[in-house]
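The numbering used here numbers the first residue of the sequence shown as 103 and each following residue consecutively. Glycine residues also receive a C-beta, built at the ideal position from the N, C-alpha and C atoms. The structure appears below as structure tokens.
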Amino acid sequence: MEIRFLELAAATALLLLIGCKRTPPESLGTADQERRKDPAAAAPITASATAFTFRPLEPAILPDVIPDNGARHGFATILESLGSGLAVLDIDHDGREDLLIAGGGDLQDRRITGLPLRALQSRAGAARFSNVTAAAGLGDCAIYSHGLAVSDFNNDGFADCLLTGYGGVRLYENCGDGTFADVSELALPDVTRWNASAAWGDLNHDGNADLYVTGYVDWSFENDPPCYAADGKTRDNCSPKLFNAVPDALFLNTGDGTFRDASREWGVREDGKALGVLIADLDQDRFPDVYVGNDVMMNFLYRNHGGHALTDASISSGAGVSSRGSPDASMGVEATDFNLDGLPDLWAANFEMESFALYQNQGAMMFRHVSEATGIAALGDQFVGWGSVFADFDNDGDEDLGVCNGNVVQYPTHSPWLQKMVLMENHTGEYFADVTAAAAPDMLNPRHGRGLVSFDWNLDGRQDLASSPIHSRSDVFENTTEHPGDWLRVELVGVTSARHPVGATVILETNRRKRVRLQKGGGSYLSSSSPILHFGVPADEQLVRLVVLWPSGLDTTITAPARNNTLTIVETPASAQPARQRELSDDTTR
Numbered sequence: 103m104e105i106r107f108l109e110l111a112a113a114t115a116l117l118l119l120i121g122c123k124r125t126p127p128e129s130l131g132t133a134d135q136e137r138r139k140d141p142a143a144a145a146p147i148t149a150s151a152t153a154f155t156f157r158p159l160e161p162a163i164l165p166d167v168i169p170d171n172g173a174r175h176g177f178a179t180i181l182e183s184l185g186s187g188l189a190v191l192d193i194d195h196d197g198r199e200d201l202l203i204a205g206g207g208d209l210q211d212r213r214i215t216g217l218p219l220r221a222l223q224s225r226a227g228a229a230r231f232s233n234v235t236a237a238a239g240l241g242d243c244a245i246y247s248h249g250l251a252v253s254d255f256n257n258d259g260f261a262d263c264l265l266t267g268y269g270g271v272r273l274y275e276n277c278g279d280g281t282f283a284d285v286s287e288l289a290l291p292d293v294t295r296w297n298a299s300a301a302w303g304d305l306n307h308d309g310n311a312d313l314y315v316t317g318y319v320d321w322s323f324e325n326d327p328p329c330y331a332a333d334g335k336t337r338d339n340c341s342p343k344l345f346n347a348v349p350d351a352l353f354l355n356t357g358d359g360t361f362r363d364a365s366r367e368w369g370v371r372e373d374g375k376a377l378g379v380l381i382a383d384l385d386q387d388r389f390p391d392v393y394v395g396n397d398v399m400m401n402f403l404y405r406n407h408g409g410h411a412l413t414d415a416s417i418s419s420g421a422g423v424s425s426r427g428s429p430d431a432s433m434g435v436e437a438t439d440f441n442l443d444g445l446p447d448l449w450a451a452n453f454e455m456e457s458f459a460l461y462q463n464q465g466a467m468m469f470r471h472v473s474e475a476t477g478i479a480a481l482g483d484q485f486v487g488w489g490s491v492f493a494d495f496d497n498d499g500d501e502d503l504g505v506c507n508g509n510v511v512q513y514p515t516h517s518p519w520l521q522k523m524v525l526m527e528n529h530t531g532e533y534f535a536d537v538t539a540a541a542a543p544d545m546l547n548p549r550h551g552r553g554l555v556s557f558d559w560n561l562d563g564r565q566d567l568a569s570s571p572i573h574s575r576s577d578v579f580e581n582t583t584e585h586p587g588d589w590l591r592v593e594l595v596g597v598t599s600a601r602h603p604v605g606a607t608v609i610l611e612t613n614r615r616k617r618v619r620l621q622k623g624g625g626s627y628l629s630s631s632s633p634i635l636h637f638g639v640p641a642d643e644q645l646v647r648l649v650v651l652w653p654s655g656l657d658t659t660i661t662a663p664a665r666n667n668t669l670t671i672v673e674t675p676a677s678a679q680p681a682r683q684r685e686l687s688d689d690t691t692r
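Written as structure tokens, this is what we have:
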């Protein structure tokens, strides 16, 4: 109790000075007015040369999907600031990954309504996406939507999807024929609050995917205080500091198609204003842990206590606060082994006037803030960060970083309203360099960025990116890197573990080093990247073995796996499990 009191007292004092600091000066100066008109007016960050390149897909390849937030009606509510995410999944199990994009919502006449969830299917042989929203049964949306979290909650082999937003959550069961059925009323407890993100993971090791859902704040049109821009007259979005927190929720999967609320039983805190969530095995004990990004509050890190409870390690771990020991305003969260030491590290994309946070894993659930030492802090304080993805864009063995950015207020005084995306190249775990200008000039075009995912849309062994900005076209940035290294993709199928085995760790050993990838639930911001794990393999390295550490405690070892292939590994009790290798150019049904 004493620790909690000190934490709250310190956080309360510090939040007067930092966090989502949206109370503007007295007037909008000329420079700030020009910045509002020309969001690209922020000082550029010098980019260095890089080996990887990206280009956006043309409209003929990717149909237009433009998430909306209802801002055109002029209410300037905090609801409009969160935006929409997207998810990667194989809708019809044809071996090609598809996209779901949350449509957002509308506020006409102060009525909060949802816009359709869009389904874009990657067509084999056609080299394009097709809009299959209506055919998939996703044309209606009962909530103002934000986030998408993907898993196979009923272990039937088809990826299902949870949609979060203002007004609750919706669970769409994949029927296995390219269509989805809304089973929310039958499966889930009544959840009508404001939920931002969600993540799946089998927390109690019963073989069924459980669900962590983040709660944001208690805003409504009835609880909508007036907030203004720097001139004191123009209505603008309010800070979350003016609202009470909405508690997060943990729903345990009962195995019969329904879920029960186990939030209090498992020790889930009720004082967060949560925007992002990640589930992964962070302490390597085979029980998936939970990391939550909170707005204007300390981030939460929960250690899974033997599949029975979540132990709050937010303070003791060091991953809850900034390098100054104060809370940041975190949106996107991620995990990666950035320095190739075998330990999962953590990431949080933060608000302007704060540094993005990279936390190096020291072991024993202890983390050290290393943004300064790794070059992350060189980005400065001009960004409001959201969707974040670690992936090996140049197949050199280490994971690089992509981040979407965009402001939350319409009349900002410190950084632009629309902001560029950022690509950071990882130099063998020693430091990151901003290579956006050299790698992807189109990403310099300012956007109202929010969701971001990685996947391999065209099955060429290079990791692509997809984003879902507000009020502008959702993009797929195709990785066009010339002469990248080789690669290996790993698809895990749990049997004793949940079919989508969040918490699994995969180790690829070459003749030079070991590389680690995590099977994760959630991550980024409001979004779900591909569940297929991607390893870049330098051409001069030989593959020795691949080891899968399953949540169930079982191990799988594949000796001398072939490079430039996808391994589908099914969990069995045998020490050497069969793995089916599939060339990425093979479009046959799996």
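Inset, instruction - Would you check if the distance between the CB atom of Asp-200 and the CB atom of Ala-221 is smaller than 9 Å? - result: yes
Inset, instruction - Taking Ser-247 as part of the beta strand (DSSP E), name the residues at either end of that continuous run. - result: 246 to 253
Inset, instruction - Confirm, please, whether the CB-CB distance from Tyr-461 to Arg-552 is below 9 Å. - result: no
Inset, instruction - Entirely within the stretch 459 to 507 and at least 4 residues each: give me those alpha helix (DSSP H) ranges in chain order. - result: 473 to 476
Legend entry - Close Cβ partners of Arg-212 (< 6 Å) along its chain, the five nearest in sequence each way excluded: These residues qualify, in order along the chain: Phe-323.
Inset, instruction - Mark Asn-325 as exposed unless 16 or more other C-beta atoms lie within 10 angstroms of its C-beta, in which case mark it buried. - result: exposed
Inset, instruction - Tell me whether Thr-538 sits in a helix, a strand or coil according to DSSP, three-state version. - result: helix
Inset, instruction - Can you give me the Cβ contacts of Ile-163 inside the same chain, cut-off strictly under 6 Å, excluding the 5 residues immediately before and after it? - result: Arg-230
Inset, instruction - Please determine if the stretch 190 to 198 and the stretch 346 to 359 are in contact, where contact requires at least 3 C-beta pairs separated by less than 8 Å. - result: no
Legend entry - For Val-472 and Trp-449, the rounded distance between their alpha carbons: 10 Å
Legend entry - Trp-449 - containing beta strand (DSSP E), residue span: For Trp-449, the enclosing beta strand (DSSP E) has its first and last residue at 447 to 452.
Legend entry - Neighbour-count burial assignment, Lys-335, 16 or more Cβ in a 10 Å radius: exposed
Legend entry - From Thr-281, Gly-624, Val-423, residue whose alpha carbon lies closest to that of Leu-240: Thr-281
Legend entry - Endpoints, beta strand (DSSP E) assigned at Glu-182: Per DSSP, Glu-182 belongs to no beta strand (DSSP E) and is neither H nor E.
Inset, instruction - Ignore the nearest five residues each way along the sequence and tell me which others in Tyr-533's own chain have a CB closer than 6 Å to its CB. - result: Thr-476, Gly-477
Legend entry - Beta-carbon gap between Val-392 and Gly-378 smaller than 9 Å: no
Legend entry - Complete beta strand (DSSP E) runs within the stretch 313 to 378 (minimum length 3 residues, chain order): 351 to 355, 361 to 363
Legend entry - For Asn-310, the nearest candidate out of Ala-664, Arg-601, Pro-663, Gln-644 (CA to CA): Arg-601
Legend entry - As assigned by DSSP and simplified to three states, the class of Asp-304: coil
Legend entry - Asp-292 versus Arg-647: straight-line alpha-carbon distance, rounded: 47 Å
Legend entry - Touching by the beta-carbon criterion (3+ pairs, under 8 Å), the stretch 401 to 420 and the stretch 516 to 536: no
Legend entry - Span of the alpha helix (DSSP H), counted from its first residue to its last, around Ser-286: 286 to 289
Inset, instruction - Could you name the residues of the same chain whose beta carbon sits closer than 8 Å to that of Val-271, not counting the 5 residues immediately before and after it, in chain order? - result: Ile-245, Leu-264, Leu-265, Ser-286, Leu-290, Val-293, Asn-297, Ala-300, Val-315.
Inset, instruction - Give the DSSP bridge partners of Met-455, in chain order. - result: Met-455 is not bridged to any residue.
Legend entry - Counted within 10 angstroms of its Cβ, other Cβ atoms place Gly-278 as buried (16 or more) or exposed: exposed
Inset, instruction - Answer yes or no: do Arg-157 and Glu-527 have a C-beta to C-beta separation smaller than 9 Å? - result: no
Inset, instruction - Taking the CB atoms as reference points, tell me whether Glu-593 and Thr-670 lie closer together than 9 Å. - result: yes
Legend entry - When Gly-205, Ala-283, His-248 are compared against Phe-260, the one with the closest alpha-carbon: Minimum Cα-Cα distance from Phe-260 among the listed residues Gly-205, Ala-283, His-248 corresponds to Ala-283.
Legend entry - Cβ neighbour criterion (16 or more within 10 Å) applied to Thr-155: buried
Legend entry - Under the three-state DSSP convention, the category Arg-617 falls into: strand
Inset, instruction - Quick one: measure Cβ to Cβ for Phe-458 and Gly-487, integer angstroms, because I've assumed they're closer than 8 Å. - result: 6 Å
Legend entry - C-beta contact flag for Leu-554 and Ser-569 at 9 Å: Taking 9 Å as the Cβ cut-off, Leu-554 and Ser-569 qualify as a contacting pair.
Legend entry - Best match in Gly-359, Ala-332, Thr-179 for proximity to Pro-342 [C-alpha to C-alpha]: Thr-179
Inset, instruction - Quick one: using the 10 Å Cβ neighbour count with 16 as the cut-off for buried, is Gly-427 buried or exposed? - result: Flag for Gly-427 reads exposed.
Legend entry - DSSP state of Gln-210 mapped onto helix, strand, coil: helix
Legend entry - Outcome for Arg-619 when other beta-carbon atoms lying within 10 angstroms are tallied against a minimum of 16: buried
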